[in-house]
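J.:
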Amino acid sequence: MQRTELCVFVDAKEPLLFSYFDSNHDTVARSMSLREQNPKFYLEKGYEVTKVLSNPTSQPRVIGDTHDSKASYSFTTDEQLKQIRSSVLLSLDLGRPFALVVSSNVKGAFKESDAKLMSFVRYAGELIRSDLLDDGFVDEIRAMKPALFPANVPMIEHNAAAQIGA
Numbered sequence: 008m009q010r011t012e013l014c015v016f017v018d019a020k021e022p023l024l025f026s027y028f029d030s031n032h033d034t035v036a037r038s039m040s041l042r043e044q045n046p047k048f049y050l051e052k053g054y055e056v057t058k059v060l061s062n063p064t065s066q067p068r069v070i071g072d073t074h075d076s077k078a079s080y081s082f083t084t085d086e087q088l089k090q091i092r093s094s095v096l097l098s099l100d101l102g103r104p105f106a107l108v109v110s111s112n113v114k115g116a117f118k119e120s121d122a123k124l125m126s127f128v129r130y131a132g133e134l135i136r137s138d139l140l141d142d143g144f145v146d147e148i149r150a151m152k153p154a155l156f157p158a159n160v161p162m163i164e165h166n167a168a169a170q171i172g173a
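Counting from 1 along the sequence shown, just add 7 to a position and that's the residue number in our numbering.
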């Protein structure tokens, strides 16, 4: 049976799994308790999304087989290694560290050549980006749980803001 999960990450310095939903209707990832204990958890584990948060690009990264050594996909836990077989990673904003990750337990579940799927992923990404910016969710989570971001790094850095004209 195919299982899928959707994750939204924010912040490159202390990445936070901001939103999570999977086929089991779970809304909290198992790794979140580890992240709450250590704000640098995803960075220290070399988790795949940290590459997208640190080096945003407008092109989605599609990984058809996360177990293929050429993909050099980084997992956080052994359990994740068993569960994730393919992923799509998408930067949601080139000036802010926001990323969408859609993963499946099925090898080859996502293909760059699937125009409808890629369009849907981009559309979902735009909706999420809008919510993050317009509704102030990021500022809200920082206010509610300041311990999650002890470095207090601004969501948009000054040099990035100047580059995008913000």
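Backbone N, C-alpha and C define an ideal beta-carbon position, used for all residues, glycine too. Just so it is clear, the structure is predicted and the values come from calculations on it, not from any experiment.
1. With DSSP run on the structure shown, which of helix, strand or coil describes A29?
2. Check the DSSP bridge columns for T11 and list the partner residues they point to.
3. Give me the residue from R68, K77 and A19 with the minimum Cα distance to E51.
4. If distances are taken between C-alpha atoms only, which option among K118, A36 and S76 comes closest to E86?
5. Measuring only the C-alpha atoms, how far is R10 from V128?
6. Rounded to whole angstroms, what's the CA-CA distance from M39 to L24? Just pull it up for me.
7. Tell me which same chain residues have a C-beta within less than 8 Å of the C-beta of V56, skipping the five on either side of it?
8. R129 lies in the alpha helix (DSSP H); which residues open and close that run?
9. Does the distance from the CB of Q90 to the CB of N112 come in under 7 Å?
10. For T83, tell me which candidate among L101, A116 and K47 has the shortest Cα-Cα distance.
11. CA-CA distance, S94 and P67?
12. Kindly list the residues whose CB is nearer than 8 Å to the CB of F144, restricted to its own chain and excluding five residues on each side of it in sequence; keep chain order.
13. Going straight from the alpha carbon of G71 to that of R136, what length do you get?
14. Cβ atoms of T73 and S98: under 7 Å apart, would you say?
15. If you draw a straight line from the alpha carbon of L134 to that of S120, how long is it in whole angstroms?
16. Give the range of the alpha helix (DSSP H) segment to which R42 is assigned.
17. Suppose contacts are defined by Cβ-Cβ distances below 7 Å. Is D29 in contact with E43 by that definition?
18. Could you name the residues of the same chain whose beta carbon sits closer than 6 Å to that of L41, not counting the 5 residues immediately before and after it, in chain order?
T.: Taking the structure as given:
1. The displayed chain sequence assigns Asp, not Ala, to residue 29. Of the three classes helix, strand and coil, the one that applies to D29 here is strand, per DSSP.
2. T11 pairs with S111.
3. If we check each option's Cα against that of E51, A19 comes out closest.
4. With distances taken between Cα atoms, E86 lies closest to A36.
5. Those two C-alpha atoms are separated by around 17 Å.
6. Rounded to the nearest angstrom, the two C-alpha atoms are 7 Å apart.
7. Only C14, F16, P22, Y49, L96, A106 and V108 meet the Cβ criterion.
8. For R129, the enclosing alpha helix (DSSP H) begins and ends at A122 to D141.
9. Taking 7 Å as the Cβ cut-off, Q90 and N112 qualify as a contacting pair.
10. For T83, the closest of L101, A116 and K47 by C-alpha to C-alpha distance is K47.
11. Roughly 10 Å between the two C-alpha positions.
12. Excluding positions up to five away in sequence, the list reads F25 and D138.
13. The straight-line gap from Cα to Cα measures roughly 25 Å.
14. S98 places its beta carbon 7 Å or farther from that of T73.
15. Distance between L134 and S120, taken at the CA atoms: about 22 Å.
16. Its alpha helix (DSSP H) spans residues M39 to Q44.
17. Against a cut-off of 7 Å, the Cβ pair of E43 and D29 comes out as no contact.
18. Hits under 6 Å: F48.
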